[in-house]
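>
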Amino acid sequence: MKKILVLGSTGSIGLNTLEIARSFQNKFKIVGLTSNNNISLLEKQIEEFHPEAVVVVNKEKAAELKTKVAGKCAVLSGEEGLLEITRRGNYDILVSALVGFAGLAPTIEAIKQKKRIALANKETLVTAGEIIIGLCKEYGAELIPVDSEHSAIFQSLIGEKKETINKLILTASGGPFLNKDKTELEHVTIAEALKHPNWKMGNKITIDSATMMNKGLEIIEAFWLFGLPKEKIEVVIHPQSIIHSMVEFIDGSIKAQMSSPDMKLPILYALTFPERYNFSSVKTDFARINKLTFFEPDFDKFTCLKMAYHAIEEGGTAPCILNAANEVAVEKFLSGKIRFTQIPELITDALEKIVCHKKADMPAGEAGLDLIFESDFKTREYLTKKHS
Ligand code: MG
Numbered sequence: 005m006k007k008i009l010v011l012g013s014t015g016s017i018g019l020n021t022l023e024i025a026r027s028f029q030n031k032f033k034i035v036g037l038t039s040n041n042n043i044s045l046l047e048k049q050i051e052e053f054h055p056e057a058v059v060v061v062n063k064e065k066a067a068e069l070k071t072k073v074a075g076k077c078a079v080l081s082g083e084e085g086l087l088e089i090t091r092r093g094n095y096d097i098l099v100s101a102l103v104g105f106a107g108l109a110p111t112i113e114a115i116k117q118k119k120r121i122a123l124a125n126k127e128t129l130v131t132a133g134e135i136i137i138g139l140c141k142e143y144g145a146e147l148i149p150v151d152s153e154h155s156a157i158f159q160s161l162i163g164e165k166k167e168t169i170n171k172l173i174l175t176a177s178g179g180p181f182l183n184k185d186k187t188e189l190e191h192v193t194i195a196e197a198l199k200h201p202n203w204k205m206g207n208k209i210t211i212d213s214a215t216m217m218n219k220g221l222e223i224i225e226a227f228w229l230f231g232l233p234k235e236k237i238e239v240v241i242h243p244q245s246i247i248h249s250m251v252e253f254i255d256g257s258i259k260a261q262m263s264s265p266d267m268k269l270p271i272l273y274a275l276t277f278p279e280r281y282n283f284s285s286v287k288t289d290f291a292r293i294n295k296l297t298f299f300e301p302d303f304d305k306f307t308c309l310k311m312a313y314h315a316i317e318e319g320g321t322a323p324c325i326l327n328a329a330n331e332v333a334v335e336k337f338l339s340g341k342i343r344f345t346q347i348p349e350l351i352t353d354a355l356e357k358i359v360c361h362k363k364a365d366m367p368a369g370e371a372g373l374d375l376i377f378e379s380d381f382k383t384r385e386y387l388t389k390k391h392s
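The sequence shown begins at 5 in this note's numbering and counts up one residue at a time.
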């Protein structure tokens, strides 16, 4: 029986994880759950899964839940609650599925507890990739990707040697605006941007898919996860989202991992690796899919892709600034304060104005985290003031 702590249990990845736990009740025991403020759903999850402890980040909501579930489980609160529940260590696997930079600090706590991390929070690697990879080695923690593209590459690399990799090919659906031209993007609405053609996900990542910043962040995530130069990481548009990503080897052979798009598969694999469990809820019928198509991404229309490669080249805290600016910009777009096309503009602005700490100027290892947190804070402060 594997004990699982789910950070972000009321979000899309969290709900899929709990569905898996429901399907394998003799294999997985949920010991902890967390939510920012959705206490009505969290209360239902407590009734069903009987965790030892939960966290509600919003302190008022935490107090409210505490009176409702008194005696059933411990209720912690705030960001310190997230750190405490990961530090308690009474779990085997952390499903790290918080949204954005908030996932970094608790994920580090789990690494220090030497746990398996099923990583859905790509921002952890985007903002502090080198430190995270270093800490995983130092503490002997296992990092298994949940992001479908990275899970596909991870699975394709089993039994292969790193030096035989020619390139990684990340597939991208292209999002809802794949067939709109650049000028049409000026006028797209929030509702249009939230209509992803293939994946049902949370709002933040759905907007990231529409700008293709999601793929940009995934390029950076792959860079750290697989330790390859950025020139060996390519993006191809594949609107059907059946091939989740591919690896090309030096002999020209290519391995791909495929299935109908359903996050339960990469989550399940991250929980069971190196085993595979008998699971029949996701079916892939090639006769019905009919065709798989591919084409090159339009870097002029989706400038966020270019920015991601550039951030890798800059190194240091550049990816952290990129990520923080993106989080602020997406929030502003979702609250109607800026237009869709202003998202990349805000990010460019932050990358130009916020001081980027170069890798050579950063203290090695965990000590470098201070500058990561500082860059994140300064970027948010700058864009929030400027575009309030
Ligand atoms: Mg993905």
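Glycine included, C-beta positions come from ideal geometry on N, C-alpha and C. Just so we're clear, the structure is a prediction, and the values are computed from it rather than from any experiment.
So, are the CB atoms of L326 and G220 less than 9 angstroms apart?
Yes, they are a contact pair.
> Any residues whose CB sits closer than 6 angstroms to a heavy atom of the ligand MG? List them in chain order?
Ordered along the chain, the selected set is D151, S152, E153, E222.
> Would F299 and V251 qualify as a contact pair, given that the criterion is a beta-carbon distance under 9 angstroms?
Taking 9 angstroms as the Cβ cut-off, F299 and V251 do not qualify as a contacting pair.
> Buried or exposed for T193, please, with buried defined as at least 16 other CB atoms from any protein chain shown within 10 angstroms of its CB.
Exposed: under 16 other Cβ atoms inside 10 Å.
> Taking contact to mean at least 3 C-beta pairs separated by less than 8 angstroms, is the region 223-242 in contact with the region 274-281?
Judged by Cβ distances under 8 angstroms, the region 223-242 makes no contact with the region 274-281, as fewer than three pairs qualify.
> DSSP three-state call for R280: helix, strand or coil?
The answer is coil: DSSP assigns R280 none of H, G, I, E or B.
> Among the candidates K6, T14, I24, whose CA atom is the shortest distance from the CA of I271?
For the residues K6, T14, I24, the minimum Cα distance to I271 belongs to I24.
> Looking at the structure shown, is R120 part of a helix, part of a strand, or coil, going by DSSP?
DSSP places R120 in strand when its eight states are reduced to three.
> Is M217 helix, strand or coil when you go by DSSP?
Helix.
> Please list the terminal residues of the continuous alpha helix (DSSP H) segment that includes S16.
From DSSP, the alpha helix (DSSP H) with S16 extends over 16-27.
> Give the C-beta separation of Y447 and I342 to the nearest angstrom, bearing in mind that I take them to be a contact with Cβ-Cβ under 8 angstroms.
Look at the range of the chain in this structure, 5 to 392, and you will see that residue 447 is not part of it.
> If you draw a straight line from the C-alpha of S100 to the C-alpha of L229, how long is it?
Their Cα atoms are separated by approximately 15 angstroms.
> Using only alpha-carbon positions, find the residue among K76, K119, F227 that is nearest to L147.
The candidate whose alpha carbon is nearest that of L147 is K119.
> Out of N207, K65, G256, L46, state which residue places its alpha-carbon closest to the alpha-carbon of I34.
Out of N207, K65, G256, L46, L46 has the C-alpha closest to the C-alpha of I34.
> E393: buried (16+ other C-beta within 10 angstroms of its C-beta) or exposed?
With the chain covering only 5 through 392, there is no way to say anything about residue 393.
> For A114, which beta-bridge partners are listed by DSSP?
Answer is none; A114 lacks a bridge partner.
> From C360 to M5, what does the alpha carbon distance come to, in whole angstroms?
In a straight line, the C-alpha of C360 is about 45 angstroms away from that of M5.
> Where does the unbroken beta strand (DSSP E) through L37 begin, and where does it stop?
Here the beta strand (DSSP E) through L37 covers 32-39.
> Determine the contact status of L108 and T90, defining contact as a CB-CB distance below 9 angstroms.
Cβ atoms of L108 and T90: not closer than 9 angstroms.
> What do you get for S392, buried or exposed, if any count of 16 or more other CB atoms within 10 angstroms of its CB means buried?
Exposed is the call here.
> Flag this pair as touching only if the region 211-220 and the region 178-192 have three or more C-beta atom pairs under 8 angstroms; answer yes or no.
The region 211-220 is in contact with the region 178-192.
> Would S379 pass as a contact of T297 if the rule is Cβ separation under 9 angstroms?
No, Cβ-Cβ distance for S379 and T297 is not below 9 angstroms.
> DSSP on V150, reduced to helix/strand/coil?
Three-state result, V150: coil.
> Identify, in the order they occur along the chain, each residue of the same chain with its Cβ nearer than 8 angstroms to the Cβ of I246, setting aside the five sequence neighbours on each side.
Excluding positions up to five away in sequence, the list reads M262, S263, S264, P265, T288, I293, L296.
> Less than 9 angstroms separating the beta-carbons of A156 and A260?
Yes, the pair counts as a contact, with Cβ atoms nearer than the cut-off.
> What do you reckon, are the CB atoms on V59 and S81 nearer than 9 angstroms?
In contact: V59 and S81 (Cβ atoms closer than 9 angstroms).
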